[in-house]
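Residue numbers (this note's numbering), protein chains in the order written: chain U, 60 to 734; chain W, 60 to 734.
Glycine included, C-beta positions come from ideal geometry on N, C-alpha and C.
Keep in mind that this is a model prediction, so the values were computed, not measured.
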């Protein structure tokens, strides 16, 4: 299977000598490594040197020379006193006019090299450049939901490149993948689905040790720790024990011995991700234990090897009855985990989804952020576009992620702390923290199905490394790298489409934070009542008067899971952000929004607008014919934008008709709403 | 796999000599066959003799003696001048006080023997009995939708007993099945799914000839003709031809040679069932041909061997857009086939579903009945309870079938002719006709999943043979045979449950003929908008004012496919039968029905009543504990009635809530409707 180099093309810039000199690119041609001690032992050292040399040769046409006589014009150095782990500084402001990449450690140097190449590939001048990059998050992780049969749960980019036919794949693409994600700062990867079933349970047995170790070693060259998802019932399924009770001495001992065996075979393993008591997966609840019991038991077993246990908080009643209006799935994460705050060991990290439901196009921030004050926390986002168009629709998610990271939780004593401050460990001085994304990759030629979806992979890495980046700048950077050789008009158009894509998707799908309204199971396409009477706790409660879930103190009381003033902000319909209005309140169709429009007119307007914007993306793209250097990529995107435009019309019509049929109010602008 | 004898238990009656004499059962003990010539050659002769002898021995405790000396008290005779094919007469009114079974042919004798045993098993007196049974329908057929991998499309009784792992099964159960269905007069069986895919395409090749012939020979002993479903694209898939165009000489010749080969190998084959141009199956439309071209081409190929082509009329656009209110799936059968009336060959029979949609709990009669006047026709019903509770709910369908058969179509010149008159060939003197049911059997121990569902299998056979039977009498007969040895109270209760089951199911599911409102794909359980925006043409168009499809001349014009006065009856809301009101008209919720109730109150009332009745079935059954002779059957039914009662509540609540949310009208009786 062929595959592209995505944003690592390093297309030749074809610059004149003068241009090279103006941008100080000539300084890249001779380099020295000034603190080679220790560095040489690092598995990524050789790799970063060759990446640098090949990258520069590819971009500028000359291969850099490594010199040892003090004649270098670029210096690579490691300085353990600089910044923190993985930090680097790119500095072209030194008096002698030449450059230096100084890093805290070898991995920092690796990131510095990739960054330097990105800067050159996007044509930025090095003259006067000084970039200090201290990573925002200790853990910058991808969660792959790949199954060992080669399928990918919520995968929209082909089959797995980690597994096929219950075998672990280790090949050239493994390396290409590691290089790709390391280039944007990813330092941890979970390769198997959080739903650990059948063969995947055996990843921690000698059936797979050789291949898993081989994978972990390739990853290590790129500064990436390999993690595995774990089956909490492994003591039963593998060990033949009667139970997997986390307080049972036999179980404790089984895990202790199992981890000794695993780490002996795969010493570089970062740790484990666990989905327990969630959507039918086994967990401590079976034995009347809580999640701290479960997580800590595993944490003790991996502690001798420096292993981490990443424990998901996606625990809710997935057998709800729609007639039950007291139970609120949104409350469940907080209700289950808040009482455990302070009970988790230092090598446990709770992985919390960005919102309380499940990766909808718009959700409030999960109330565990700001709730928990004595627990390691990671933010989980999803760049696999499960609910945001499944990589058939373009939906650039960095603006959403940025809003989440910038949300102030008002923790007592940390009133200014944002989600970014919490997960980074800055605010609470936690032992561990970070950010994970459910990955959007597969063995499709272009890695992500939709070529434009790669912006989410690139962008997630950049944002995880530096939560202060500007989504539009990242989009531009990615477009320049990926579509190198295309016209400026094309790059501008791509950035414009990306930046307008999430708002457009939100407009033509479910309104004002209510979410869902998708087809059950596969989650693609509109189905307003698809989940309305199902067991998943995802209801919109639309009737002849209005729509929305009352999550105030008069309803489910979910608003009170937030700190003040957030709790009051959401509680009161006047102060509740309108983009989340239906998430928190039941609102009549004739309610007047701040725009002066009624709710029903807002629904009609946004749906007509959203579909029009999707049509606009397609029109824009058609005008770019001949302006995109990679013609196959042009055709692929054209096909997907066509699908999106059609699907957006279907969304528009089904949503509009649904609400029209509910309330009988006509569109003020007289547009076609089917009866 | 164990299996029951269903209604063929022949449980010992334990009668006294005096009781036997009173009922003339003693006459069964010595018999003669008075016209053995010709009979002996019939493959079913030996079988019917042993069935008679074993049945009587089982029921009465003594094995009948065959005598040759004129001392017989029962005479079996064949008289080709009596009645028509398969007809028989049971006569115990002869002056000498003894009995006779006289039949048109050996098969008639077979049916007479089974009937005689049924009469005895249900304890009816033979004294003075004279039953003339001339079959209403030439073809009395079962359509099995069994796939060769062993699954059954819309099967609710376990796996197939005809196929497993792409092999044809011929074993003891084959014979038990043939005996079971022959005992109620079935004379034709299609063993494979109408959707002919993969291995099933090869049933007409030497890969399967041996087993298919073996099957056909067993069937033949029971008077049953084996039919196969055919893949219209076989010339491409098997023959390697480029097309399967019915007017292409190569295709015509391929079929001609194929049928010569098939009939040489399986001479007793009755013919073929074809689903063409339907739900994605190949057909003549691909080549710009019509269904007469397709059916006649095949008919010519099988004509030399006496074969028949049964051609399904279930042809509609299954890629409809819900926004398109002009296309009406209900119209499609008539629109496609009416123009072809008179063009089909004599050995073609059109198989027409009972209603224009698809086996809903209530539909009007298909307008092709009464439309077509120069075409052989068969009625297709479904005893597999796809849309009527999937054999988890009890739903005795004979009362529905009876209504359909008794429907007057007002054909010109045949104003009194009912559907029964048409399919029997009586009205139009067609060359062929009959009735087919999609079968409800599988390899479950009790044949039909729900023990009470066997009443539909038994009843269908009885009704197919004699369309004048009374559904309640048939239900009682079946209950007495199946639950022999149970109390009279139990038999009465079973008959009562059966007779109330279809109305109850109708009450708690979709109202007044609108249909659907089921979960997509599997079709079990409520989902009011499950199909509302899908591609299948099955819409209810509910909005804030009302619900229903306008199929009058102001709407889709479907009403005009009926003859007058039916057309006007349906056209006018005042004369339209209320049980079909929403099928034909869009009706506001506040419309007042003939009961004086508004539509919305009618919906609430019927749903509360229906769920209560389902609960009542369960209560009744619980009271029968210890009164049902077969304890395992008692437990099985108990389990299913419990499921039904729960499901009926779910139906009630979802439907009521749906409509309450639509219109905001409260229940006048103040019962609980969830918001």
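Cutoff 6 Å; reference residue i; Cβ partners in own chain excluding five residues on either side
i	result
residue 726 of chain U	663 and 732
residue 369 of chain U	332, 408 and 410
residue 94 of chain U	136 and 137
residue 479 of chain W	464 and 526
residue 668 of chain W	566
Where residue i meets chain U, residues with beta-carbon distance less than 7 Å
i	result
residue 635 of chain W	Going along chain U, no residue has its Cβ under 7 Å from residue 635 of chain W, so there is no contact; the nearest lies around 22 Å.
Identified DSSP bridge partners for residue i
i	result
residue 189 of chain W	W:150
residue 205 of chain U	U:211
residue 709 of chain U	Paired residues: none, contrary to the question.
residue 223 of chain W	W:226
residue 730 of chain U	Residue 730 of chain U pairs with nothing; no bridge assigned.
residue 369 of chain W	W:332 and W:408
residue 657 of chain U	U:651
Chain-order list of residues whose beta-carbon lies under 7 Å from that of residue i (same chain, five-residue window excluded)
i	result
residue 426 of chain W	393, 415, 620 and 621
residue 252 of chain U	204, 205, 206, 212, 259 and 288
residue 349 of chain W	343 and 399
residue 565 of chain W	420 and 421
Inter-residue Cα distance where the pair is residue i and residue j
i	j	result
residue 159 of chain W	residue 89 of chain W	12 Å
residue 693 of chain W	residue 653 of chain W	41 Å
residue 604 of chain U	residue 603 of chain W	10 Å
residue 234 of chain U	residue 670 of chain U	40 Å
residue 680 of chain U	residue 559 of chain U	14 Å
residue 674 of chain U	residue 701 of chain U	8 Å
residue 561 of chain U	residue 422 of chain U	13 Å
residue 511 of chain W	residue 306 of chain U	50 Å
residue 362 of chain W	residue 406 of chain W	7 Å
residue 714 of chain W	residue 720 of chain W	10 Å
residue 497 of chain U	residue 704 of chain U	26 Å
residue 435 of chain W	residue 123 of chain W	43 Å
residue 535 of chain U	residue 554 of chain U	6 Å
residue 229 of chain W	residue 578 of chain W	36 Å
residue 475 of chain W	residue 431 of chain W	16 Å
residue 542 of chain W	residue 689 of chain W	7 Å
residue 730 of chain U	residue 712 of chain U	11 Å
residue 324 of chain W	residue 367 of chain W	17 Å
Interface partners of residue i on chain U, CB under 8 Å
i	result
residue 602 of chain W	719, 720, 721, 723 and 734
Same chain only: Cβ atoms within 8 Å of residue i, ignoring 5 sequence neighbours per side
i	result
residue 709 of chain W	584 and 585
residue 148 of chain W	141, 142, 159, 160, 161, 162, 171, 189, 190, 191 and 192
residue 716 of chain W	732, 733 and 734
residue 186 of chain W	81, 82, 83 and 151
residue 183 of chain U	82
Partner residues on chain W for residue i, Cβ-Cβ distance less than 7 Å
i	result
residue 712 of chain U	382
Where residue i meets chain W, residues with beta-carbon distance less than 9 Å
i	result
residue 588 of chain U	586, 587, 588, 589, 591 and 717
The beta strand (DSSP E) enclosing residue i, as first and last residue numbers
i	result
residue 738 of chain U	Because chain U is modelled from 60 through 734, residue 738 of chain U falls outside the range shown and cannot be assessed.
residue 284 of chain W	284-289
residue 439 of chain U	436-441
residue 89 of chain W	89-92
residue 133 of chain W	133-137
residue 493 of chain U	492-497
Span of the alpha helix (DSSP H), counted from its first residue to its last, around residue i
i	result
residue 391 of chain W	391-396
residue 418 of chain U	Segment: none, residue 418 of chain U is in no alpha helix (DSSP H) and carries neither H nor E.
residue 561 of chain W	547-567
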